[in-house]
Structure formats: structure tokens, C-alpha cells
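Here is the structure we will look at.
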Amino acid sequence: MIEKRRFSPDCLRVDPAGEVEAICSRLREVLKNNLRRRGFVLGLSGGIDSSVTAALVVRAVGADRVLGLEMPERHSAEESLRLSSLLARHYGIETCREDITPVLEALRFYRRYEDAVRRVVPEYGQGWKSKIVSSNPIQTGGYNFFSIVVETPEGQRMKRRLPLQAYLEIVAATNFKQRTRKMLEYYHADRCHYAVAGTPNRLEYDQGFFVKQGDGAADVKPIAHLYKSQVYQLAEYLDVPEIIRRRPPTTDTYSLSQGQDEFYFSLPYREMDLCLYAKNNGIQASEVAPFVGLDAAQVEGVFRDIEIKRSTTRYQHQPPFLVGPVPQIDVCMGQG
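Next up, the structure:
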């Protein structure tokens, strides 16, 4: 009889060398046999996920067949561009810089965003900064709501609850950023006859933390099966610069710095990884609690939040629905 493995953070340990070899082998196979492209394009954000994905595709096909896109805009953090450039130099990746601010201005993103914020903060104007934050479902008994945090040019902050319509308008507007960047990735992919490599990790992919036809679109997603803690393990093995490995995970979407656990996840990624792993493997909340600094009831709350996010973001994963069969194509795609 096989003894059940005791739960601990060690459950998320991987063999980095073996994992890297398996991923790179699969990338070469998919690129040649399925996608039939010459190399890879990906967006570089200076974050851990895009950096590890870049390192993997370079390891798989060589730096001369990888193009990294830097796509800043008016609200981007200065360190994002600095770190993405550092990463590209570190691996010898050719880069192309596309400032997407003019595109967003043409789409009236900034005006749409500011108009939505002014629904709840009428004085919001020139020189102000802002971000959306979420309530913590652990503290609210599973009830989730969103607030806007604004900062005046003088540095004074205020926080106000967002009504549904204002929230939807703000999110719909910010989604222009991810979709504009993906449009450019596919432009350069078509130009170079390359494939687009996506950068979501398992936590983001599982919980629908991406924009449909935005950062959720890709030809291959090399790290979508890896918990974020495992991505950091690969980062160390692949010699991702330490300054990038130390950078706190951020959305880099709003003009104010915003952590992922402020906006979306119930917990910081290390604890969230453990809860997701436990949920996926039928491990009791009482076993998880000591490792995440919560009691069993709170861990159960995190489990419920995982299920809620899976349910409410299922749309993110769904392909277009056909109202009638197209058997010749469906069979070719293995869907018949």
C-alpha cells in the first residue's frame, strides 16, 4: 500500500532540470508539428512569468528565433521597462518597443476610464492616480466587492466603494490594454512567421485571471501547468536576474501600484498556491491551515472562493460556440 504524502510546501517542489527539459522538448514539438512556425514572440513585462517564459523559449529554440515585445503605456511602472530590457539583454533576445499610449488614446481609453472613476469620485482629474482593490473574501464571509483607491497630485489617498456599473466600465476600459498588446504580438508573429507564447501560470489560468482575447490569447502557454511557486523555482534554475525574482507580483495595469492579491486573489501567491494545490488534490482544510496562517474555517473560505472564480470565469476558457456542426473542421481539430 502506497503511503499518502503528507501535505507541506514541499508538495510544490519540482525537479527544475527535468521540468525545463520536458517543457522545451514539448515547445519544439508543438512549434514544428502543430503550429508550423519558425520561432516565438512574447510580451516582456519585467515580471517573473514573462521572464521565465522568455528563458524557456530561448532554451527551446535559441535566442535568434525569439522576439520580445516591450509595450509600455502612460500608466506603466517605470521599473517594468527597465527590467524587461535587462531580461532581454541577459538572454540575448531581440526586442521591439511599441508604446501603446497613442493606440489607447485613439480608442479613448483614458477618457472612458476617467469618466467611469468620476462616477464615484467626481473631482478625479489631471495628475490623479488610481487602482481597483477587492474585498478579502476571507474577512467578508465569501462576499466580494470592489473599491477604487485614488491619489491626488499632492499624495492624498481616498477609497470609495464601486457600484457595479462603474466597476464594469473601469474593467472594460482597462481590458483595452491587454487586447492592444496581444494585437501587436500577433502582428509581429505574422510578420516573422512566429508563434505567440503566452505567460499565465497555473494560478492565473485556473482562476481566470486574464482577459479573453487579451493576455489569455496565445498559440502555446508554456507555464500554465505550473503553480507560481514552481515558476520561481524554474526562474532560479534558468538564471533569471535576481532583481526580477525579487519583484513583487503586480498587475501593472493601473496608474497606482497594484498587487495581484489586492485585486483578485484571496492570499499572496505562496499561500494561494498551497490552497489551490490542496483543493486540487482533496487535502483537508485542517491540514492546510498551519502552513498558510489561517484557521480551517478560513481555508474553507478560500476553497469556496476558488470554486466561485472557476465558475464565474468559465467564459474566459470557452472557445466560440458553433450553432451547427462543421464536421470536416471539427474532426481535423480532434473535436468531432
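Those letters in the sequence shown? Residues 0 to 335, by numbering that gives the first Met the number 0. C-beta: ideal position from N, C-alpha, C; glycine also. Note that the coordinates shown come from a computational prediction; the quantities given were computed from them, not determined experimentally.
_Buried/exposed call for G91, threshold 16 Cβ in 10 Å_ = exposed
_Taking only three categories from DSSP, how would you classify R96?_
strand
*Once you ignore the five residues that flank D214 on each side, which residues in its own chain have a CB closer than 6 Å to its CB?*
Q177
*Excluding five sequence neighbours on each side, which residues of the same chain lie with their C-beta closer than 6 Å to the C-beta of K227?*
N200, L202, Y268, D272
*Between which two residues does the alpha helix (DSSP H) harbouring K176 extend?*
163-191
_Length of the line joining the Cα atoms of Q164 and Q327_ = 43 Å
*Are the Cβ atoms of G45 and S83 separated by less than 8 Å?*
yes
_Sufficient close CB pairs (3 or more, under 8 Å) joining the region 169-176 to the region 22-37_ = no
*Under 8 Å between C-beta atoms of S146 and R156*: no
_What does the alpha-carbon distance come out to for the pair A21 and L30?_
14 Å
*asked:* Cutting at 8 Å between CB atoms, please list the residues of its own chain near V170, excluding the five before and the five after it.
replied: I131
_Alpha carbons only, please: which of D189, V13, L106, L255 is nearest the one belonging to P152?_
L255
*Cα-Cα separation between G270 and N33, rounded to whole angstroms*: The identity of residue 270 in the sequence shown is Glu, whereas the question assumes Gly. Looking at the two C-alpha atoms, the distance is approximately 36 Å.
*asked:* Taking the beta carbon of R337 as the centre, do at least 16 other beta carbons fall within 10 Å, making it buried, or is it exposed?
replied: In this structure the chain extends from 0 to 335, so residue 337 is not present and cannot be described.
_Beta-carbon gap between L266 and I305 smaller than 8 Å_ = no
*Helix, strand or coil at R246 [DSSP, three-state]*: coil
*So is I242 buried or exposed if we call it buried at 16+ other beta carbons inside 10 Å?*
exposed
*asked:* Beta-carbon within less than 7 Å of G323's beta-carbon, same chain only, minus the 5 sequence neighbours each way: which residues are those?
replied: none
*Which same chain residues, not among the five before or five after K220, have their C-beta less than 8 Å away from its C-beta?*
A196, G197, T198, P199, Y204
*Alpha-carbon to alpha-carbon, S285 and R88*: 46 Å
_Where G42 falls: helix, strand or coil (DSSP)_ = strand
*Report the rounded CA-to-CA distance for N135 versus L103, giving the unit in angstroms.*
31 Å
*Contact between the region 96-112 and the region 176-192: three or more CB pairs below 8 Å?*
yes
*Can you have a look at F144 and say buried or exposed, based on whether 16 or more other CB atoms are within 10 angstroms of its CB?*
exposed
*Under 8 Å, do D251 and A76 count as touching if we go by C-beta distance?*
yes
_Which residue marks the beginning of the beta strand (DSSP E) containing E153, and which one marks its end?_
Looking at the DSSP string, E153 is not in any beta strand (DSSP E), and its letter there is neither H nor E.
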